[in-house]
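Colleague: For the sequence shown, my numbering begins at 11 and goes up steadily by one. Glycine included, each C-beta is placed from N, C-alpha and C at the ideal position.
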Amino acid sequence: MVSRKHKDVLERILSGRSDANIGFTDLKSLLQVLGFSERIQGGHHIFSKEGVEEIVNLQPKGSKAKPYQVRQIRGIITRYKMGFENE
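Put into structure tokens, the structure is as follows:
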């Protein structure tokens with residue numbers, strides 16, 4: 011289910027203004043809502059989705075996501091036109 015928080019996180023990622031200030035758990039939750047499946051290997055959270063070529067490998071930096079990984083996610087969301095248009 012898509013919550014207001016998921017929509018807010020998506021908007022913040024797409025804006026590109028706060029890459030260093032996206033919570034790691036917020037980013038993980040957003041990817042899961044967008045249909046990605048997660049597997050964990052050590053400290054790596056690996057996300058994949060059918061129809062998406064890229065495999066996303068995330069590691070937290072404290073409680074935040076790493077800025078370059080947020081940029082990577084923004085590229086994937088934009089490239090595959092993901093979002094919550096129907097919500």
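#1: Please determine, among Phe57, Gly61, Gly72, the residue with the shortest C-alpha to C-alpha distance to isoleucine 83.
#2: For the beta strand (DSSP E) containing leucine 24, name the first residue and the last one.
#3: With a threshold of 8 Å, are at least 3 pairs of Cβ atoms found where one atom belongs to the region 31–43 and the other to the region 55–75?
#4: I need the straight-line Cα distance from asparagine 31 to valine 62, nearest angstrom please.
#5: Does the separation of the CB atoms of aspartate 18 and valine 80 fall below 7 Å?
#6: Using alpha carbons as the reference points, say which of Leu44, Arg14, Ile50, Gly53 lies closest to isoleucine 87.
Modeller: Result, derived from the coordinates:
#1: Phe57
#2: Unbroken run through leucine 24 is the alpha helix (DSSP H), 14–25; no beta strand (DSSP E).
#3: yes
#4: 25 Å
#5: no
#6: Here the closest residue by C-alpha is Leu44.
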